[in-house]
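Converting from the sequence shown to the working numbering requires adding 386 to each position, the first position being numbered 1.
Heads up, the thing below is written out as structure tokens.
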Amino acid sequence: DELNIDQLKFNDAVLQKIFDEYVQAIETEAKPSEKFFVNHPEEDVRMMAINLMSEAYELSKRWEEQHKINVTLENAPKVVARATVSSVYSLKIKKVDSMKAKIKEIFSNQNPQGDDLEIYMRRWKELDEAQNQMNRALGRIIV
Numbered sequence: 387d388e389l390n391i392d393q394l395k396f397n398d399a400v401l402q403k404i405f406d407e408y409v410q411a412i413e414t415e416a417k418p419s420e421k422f423f424v425n426h427p428e429e430d431v432r433m434m435a436i437n438l439m440s441e442a443y444e445l446s447k448r449w450e451e452q453h454k455i456n457v458t459l460e461n462a463p464k465v466v467a468r469a470t471v472s473s474v475y476s477l478k479i480k481k482v483d484s485m486k487a488k489i490k491e492i493f494s495n496q497n498p499q500g501d502d503l504e505i506y507m508r509r510w511k512e513l514d515e516a517q518n519q520m521n522r523a524l525g526r527i528i529v
């Protein structure tokens, strides 16, 4: 919901397609399952879903027994929830970086004056404050 509220879009067209279909399904109160995307009619969506759901590594069942070390798996609910929030903030921070780069380009190429300058400066400050707030939420310290 946060991505929709902030009107953020994915740079990757396939990820955006998956997100849009998920949102559309949620709006009709039909939460799509993993199978929906794995069996999707479009191959690029199918392949992305399979890649996203596949685990790169598998922890040996004997690991805990042999080394007496308890490992939290990535798919544990708390880990997934934390990773989701972190990922959304990271995406937002990247988008803010992109918006700031556009303003910087305008300053370099157009040399705004008067009211335009004030508007861009105010927007830069808003973006900077939002970015700092998100970085603090993620525990990042930017000097």
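Quick reminder that beta carbons are idealized off the backbone N, C-alpha and C, glycines included.
In this text, all values refer to a predicted model and were calculated from it rather than measured experimentally.
Sequence-distant residues of its chain with Cβ nearer than 8 Å to residue i (five each side left out)
i           : result
residue 406 : none
residue 417 : 411
Pair within 8 Å by beta-carbon distance, residue i and residue j
i           : j           : result
residue 404 : residue 423 : yes
residue 516 : residue 482 : yes
residue 433 : residue 401 : no
residue 451 : residue 439 : no
residue 528 : residue 518 : yes
residue 548 : residue 475 : With the chain represented from 387 up to 529, any question about residue 548 goes unanswered, as that position is not in the structure.
Contact set for residue i: own chain, Cβ-Cβ below 7 Å, skip 5 residues either direction
i           : result
residue 448 : none
Quick one: any contact between the region 467 to 476 and the region 448 to 456, if contact means 3 or more CB pairs under 8 Å?
no
At least 3 beta-carbon pairs within less than 8 Å: the region 480 to 494 vs the region 508 to 519:
yes
Can you check the region 436 to 499 for any beta strand (DSSP E) of at least 3 residues that lies completely inside it and give the ranges in chain order?
none
Pick out the complete alpha helix (DSSP H) segments inside the region 394 to 440, 4 residues or longer, and give them in chain order.
399 to 413, 420 to 424 and 429 to 439
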